[in-house]
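Asks: Counting from 44, one number per residue, gives the positions in the sequence shown under the working numbering.
A virtual CB, placed ideally from N, CA and C, is assigned to each residue, including glycine.
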Amino acid sequence: MKRINFFLTFLLCSTFLSAQDIFDAYQKDPAASYVSVSPKMFEMLGKLSINTDDPKLNGFIEMVQSMKHFKVLTTKSLSIAEKMQTWLSNQLDTNELETLLNLSERDVEVQFCVIYGEEESKVDQLVMFVKGAQKYADQEGLDVSNLDFILLSIEGDIDLDQVATLTEIVDIPGGNFLKKMN
């Protein structure tokens with residue numbers, strides 16, 4: 044009976060840990076870098092009234108105000124990267140998430156996945172996974188660290204045309220790949 048209880052406890056714990064959000068699992072891991080912008084922050088941004096004559100900037104502000112979550116996880120650790128890949132595969136299997144684009148260029152692999160929104164040019168979630176980002180950075184002469192693997196997730200009412208502008212303005216790791224998507 045003790046063995047059965049131990050086994051059931053172990054099974055429940057491992058199920059809980061595997062279901063834990065990949066971003067939360069590594070937010071304090073020294074082998075990873077983590078950025079998360081909470082819904083509260085986007086809510087606060089939504090309350091700001093910013094008017095500009097630049098339509099591109101206005102579109103960007105509108106998109107930021109409609110975001111719910113923004114998370115980035117970067118690492119050089121192969122074991123963390125494998126878990127990132129497994130998490131993405133599980134998301135593709137169990138959610139409405141589907142691959143939008145696979146890109147392989149100069150020893151760098153990028154996968155863009157989305158959950159489509161109600162409008163054709165909008166998505167409810169955008170997930171990007173990059174393998175080999177350090178090689179790209181080295182080739183471009185960029186000085187970065189902890190950046191061989193990137194996992195990015197954006198949730199909200201996301202206009203794909205504005206995503207590249209967002210990454211350019213706030214200099215997000217992997218932003219160069221998002222620009223190529225457009």
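Could you give the first and the last residue of the continuous beta strand (DSSP E) run that contains D167?
Replies: Here the beta strand (DSSP E) through D167 covers 165-174.
Asks: Measure the beta-carbon distance from V170 to L195 and round it to whole angstroms, keeping in mind my assumption that it falls under 8 Å.
Replies: Between L195 and V170 the Cβ distance is about 7 Å, and since that is below 8 Å, they are a contact.
Asks: With 16 as the cutoff for other CB atoms within 10 Å, does A176 come out buried or exposed?
Replies: The residue in question, A176, is buried, as its Cβ has 16 or more Cβ neighbours within 10 Å.
Asks: Under 7 Å between the Cβ atoms of M127 and I65?
Replies: Yes, Cβ-Cβ distance for M127 and I65 is below 7 Å.
Asks: By how many angstroms is the C-alpha of I201 removed from the C-alpha of S109?
Replies: The alpha-carbon atoms of S109 and I201 are separated by roughly 7 Å.
Asks: E148: which of E125, D97, V173 sits nearest, CA to CA?
Replies: Closest option to E148, Cα to Cα, is V173.
Asks: Starting from A75, trace the beta strand (DSSP E) both ways and give me its first and last residue.
Replies: Here the beta strand (DSSP E) through A75 covers 75-80.
Asks: Residues bridged to E139 by DSSP?
Replies: Answer is none; E139 lacks a bridge partner.
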